[in-house]
Amino acid sequence: MHFDDVVGSQFVARDPAGTAVVRLELREDHHGVHGFVHGGVLCTLAHQSAGAATYARCRQGEEAVMVGMQVNFVKASWSGALESRSEVVRQGGKTSLVETRIYGDDGELRATATSTFLILQRALRPAP
28 MHFDDVVGSQ
38 FVARDPAGTA
48 VVRLELREDH
58 HGVHGFVHGG
68 VLCTLAHQSA
78 GAATYARCRQ
88 GEEAVMVGMQ
98 VNFVKASWSG
108 ALESRSEVVR
118 QGGKTSLVET
128 RIYGDDGELR
138 ATATSTFLIL
148 QRALRPAP
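My numbering puts the sequence shown at residues 28 to 155.
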């Protein structure tokens with residue numbers, strides 16, 4: 028089982044131009060101690076859609092690794108669904124800059140994120 032399976036998110040769309048959408052139907056186990064959806068859930072959605080948008084722009088054999096993310100939480104969520112929409116703002120030979128907006132199923136903004144990815148020219152391998 029992969030982490031995406033544990034979270035329960037679904038990759039809805041990915042476009043070669045560098046956009047991606049990830050959707051999550053919220054469950055009780057997504058909530059934190061304060062009763063609303065944990066911020067880590069929103070960070071995960073932002074990471075997933077930003078990564079998918081970046082990979083959509085990668086060439087054959089390239090890998091992308093997130094090296095930074097700034098998240099701003101705008102409004103809490105308790106139930107329903109969240110949709111994370113990402114777009115590559117700029118992708119050069121070594122880095123990719125991605126903007127993400129996460130919305131509730133009511134259409135209201137829940138969080139924004141800006142992510143930076145390092146583009147590698149070879150596949151990642153575990154250390155020996």
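By construction, the Cβ of each residue, glycine as well, lies at the ideal position given by its N, Cα and C atoms.
Under DSSP, His-58 takes part in a beta bridge, and its partners are Val-64. Contact annotation: Thr-143 and Thr-127 have beta-carbon atoms that are not nearer than 8 angstroms. One Cα belongs to Leu-72, the other to Thr-46, and the distance between them is close to 14 angstroms. Of the candidates Gln-97, Asp-132, Ala-91, Ala-91 places its Cα closest to the Cα of Gly-120. Out of Cys-70, Glu-52, Gly-131, Asp-56, the CA that lies nearest to the CA of Gln-97 is found in Cys-70. Nearest neighbour of Thr-81 by Cα position, chosen from Tyr-130, Val-101, Leu-147, turns out to be Leu-147.
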